[in-house]
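Student: Chains as they are written, first to last, in my numbering: chain A, 2 to 245; chain B, 2 to 245. Note that CB positions come from ideal geometry on N, CA and C, so glycine has one too. This is the structure, below, for whatever I ask next.
Number of protein chains: 2
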Amino acid sequence: MNSRQTKPETLIARPDADGNGIDGSQRAIRDAIRDAIVDRRLMPGTKLTETDVGALFNVSRTLVRGALQALVHEGLVTVERNRGAFVANPSPEEARQIFATRRIIEPGILTEAARHMTPSHFRQLREQLVDEGRLMSERGQSARRAEIKASGDFHLMIAAMTGNAVMQRFMDELIARSSLVISLYGQSTVSSCGHSEHTEIVDAIEAGQLDRANRLMVHHIRHIEADLDLRIRRANELRDVLLP
Amino acid sequence: MNSRQTKPETLIARPDADGNGIDGSQRAIRDAIRDAIVDRRLMPGTKLTETDVGALFNVSRTLVRGALQALVHEGLVTVERNRGAFVANPSPEEARQIFATRRIIEPGILTEAARHMTPSHFRQLREQLVDEGRLMSERGQSARRAEIKASGDFHLMIAAMTGNAVMQRFMDELIARSSLVISLYGQSTVSSCGHSEHTEIVDAIEAGQLDRANRLMVHHIRHIEADLDLRIRRANELRDVLLP
DNA sequence: CGGAGCTCGATTGTATACGATCTGGCGGAT
DNA sequence: ATCCGCCAGATCGTATACAATCGAGCTCCG
């Protein structure tokens, strides 16, 4: 059972990502590629040839280049001059920086979001938790993917509740890059432990124990990071292994 | 006396902004426009016609479009479909969100940076403070501009000391947008008060009083924001005033 | 048999071309 | 005189064209 068929990110109100930067086709391409990366359908290091992508969407290289450039900005794609664009292959150091940034930002976001939370927001969060739980119990690659995605969505949902578009965009980027990192360095077994931690966090917020919620959040992020194996760099591209 | 003649941002090691996204001419154009915006040489609402900009740099519209798109991503430029690109005209709400985000992020950055600070770093900060002081005592528009710029550089310098490129890039964006906001909504008189606050912050860090430094930083940011007049929207484009 | 150099195909970087859309002015009708 | 519609110029959106660069395989020589 594939858990996604429509545009996945309609779940969370994306604040138009970059204000009103790019339009129509270009945005569609960008979003499609981003989803594919975050979902691990495109493995890190995969080459994104402009002509090929353009052919898939029936557009010229012009629009593809625009979409790729946007993804470079988000850290999901890298380009090497005269060689082309590739799905990003974050280094262990970069992974550490991403999670360090999350540990700094997310408590602040939680605090700000808590100030705006209504019963309706809590209902939304509880639904998300139920979804996560359901995915956790399923087997198979696609469930695993959906689980990573859902886990990220939880954090994005909280960011959205701050009503702060600037922070929301930062979180969008951080979560997307985190998904990429997890897909690269995540140990096979778990990431499931995260679910109960999410529940605890919501419980704490709802109980008005904001300090506790913040501590849980930091702990949770540290927990996700601890589940990575950053010792070795997974080899997706020979060049990355052979010449550093 | 114009305080800038060479590329201004060479002062602070920009971590290649977007990894290694765009190259050569395109980056030069982007940086030139960004500097002009942050420096208030380009007022909010100014139209950035692709052909004109291209003529200035002797490049085709292709590269200009790329540079403008990058600036859209950073929130310094907005584009309206079939109408063109304009220097961003942040709303009061957007301004609030930018500063709210800074209040959340910067204490974390300060804490992280403090862990990495060496005597050489403190020397760098002290030099920056001296520069700020010098600019503060000067008169005239260009000194005012340089002062805003220098004040932002202080915060960027601290961000650079975290060694965290992800956070540094976020701060780059926040500081640039802050400069734009200040140029729009800043009251005429002050912003000078910021200087002594910077000094106090460095003093506190050097004395090992990290908590105090963090409190001073938050206070400082709140102080900058308090100096804005967000009640009215300065009219640079009629459309922004007439149809809210 | 192995390696240096070369040529060719594939792909990117940049410029240009062309159709679409908006803006502003002119002229005719009311 | 005012308002509406039309036309022209300017500007953008997208596609295409052309040059530059890279990489692979081939050949040729040692």
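Measure the beta-carbon distance from A/Val219 to A/Arg104 and round it to whole angstroms, keeping in mind my assumption that it falls under 8 Å.
Tutor: About 6 Å; that satisfies the 8 Å criterion.
Student: Taking Cβ positions only, does A/Glu113 come closer than 8 Å to chain B?
Tutor: By this cut-off, A/Glu113 is an interface position.
Student: According to DSSP, is A/Thr47 helix, strand or coil?
Tutor: If DSSP states are grouped into helix, strand and coil, A/Thr47 belongs with coil.
Student: Would you say B/Asp228 lies against chain A (beta-carbon separation less than 8 Å)?
Tutor: No - not a single Cβ of chain A is within 8 Å of the one on B/Asp228.
Student: Are the region 61 to 72 of chain A and the region 121 to 134 of chain B touching by the rule of at least three beta carbon pairs closer than 8 Å?
Tutor: Verdict: no, contact absent.
Student: Between which residues of its own chain and B/Val54 is the CB-CB distance below 6 Å, once the five residues before and five after are set aside?
Tutor: These residues qualify, in order along the chain: Val65.
Student: Pull up the CB-CB distance for A/Ser294 and A/Gly153, whole angstroms please, since I reckon it's below 8 Å.
Tutor: The question about residue 294 of chain A has no answer, for chain A in this structure spans 2 to 245.
Student: Along the alpha helix (DSSP H) that carries A/Thr63, what are the first and last residues, could you check?
Tutor: It spans Arg62 to Glu75 - the alpha helix (DSSP H) in which A/Thr63 sits, taken as one unbroken run.
Student: If we count Cβ pairs, one from each stretch, closer than 8 Å, do we get three or more for the region 86 to 105 of chain A versus the region 217 to 232 of chain A?
Tutor: Yes: the two stretches touch, three or more of their Cβ pairs being nearer than 8 Å.
Student: Could you say if the region 199 to 213 of chain B and the region 122 to 129 of chain B meet the contact criterion of at least three C-beta pairs nearer than 8 Å?
Tutor: Taking 8 Å as the limit for Cβ pairs, the verdict is that the region 122 to 129 of chain B does touch the region 199 to 213 of chain B.
Student: What residue from B/Arg124, B/Ala101 and B/Ala227 has the CA that sits closest to B/Tyr186's CA?
Tutor: Per the Cα distances, B/Ala227.
Student: Using C-beta distances below 6 Å, list every residue in its chain close to A/Lys8, excluding the 5 sequence neighbours before and after it, in chain order.
Tutor: Residue confidence for A/Lys8 is low, a pLDDT of 34 falling below 50, so the modelled location carries little weight; the figure read from the coordinates is stated next. Counting only Cβ-Cβ distances below 6 Å, and skipping sequence neighbours, we find nothing.
Student: Taking the straight line between their C-alpha atoms, what separation do you get for A/Thr79 and A/Gly209?
Tutor: Taking the straight line from one Cα to the other gives about 43 Å.
Student: Can you confirm whether the region 82 to 91 of chain B touches the region 42 to 59 of chain B when touching is taken to mean that 3 or more C-beta pairs between the two stretches lie within less than 8 Å?
Tutor: Yes, the region 42 to 59 of chain B touches the region 82 to 91 of chain B.
Student: In three-state DSSP terms, what is B/Thr200?
Tutor: Three-state result, B/Thr200: helix.
Student: Taking the beta carbon of A/Pro120 as the centre, do at least 16 other beta carbons fall within 10 Å, making it buried, or is it exposed?
Tutor: Classification of A/Pro120: exposed, given that the 10 Å Cβ count is below 16.
Student: Within 10 Å of its beta-carbon, does B/Gln27 have 16 or more other beta-carbons around it, so buried, or fewer, so exposed?
Tutor: Looking at its Cβ environment, which holds 16 or more other Cβ atoms inside 10 Å, B/Gln27 is buried.
Student: Ignore the nearest five residues each way along the sequence and tell me which others in A/Leu43's own chain have a CB closer than 6 Å to its CB.
Tutor: Contacts found: Ala37 and Val88.
Student: With 8 Å set as the bound, which would you pick, yes or no: does the beta-carbon of B/Phe171 sit closer than that to a beta-carbon of chain A?
Tutor: By this cut-off, B/Phe171 is an interface position.
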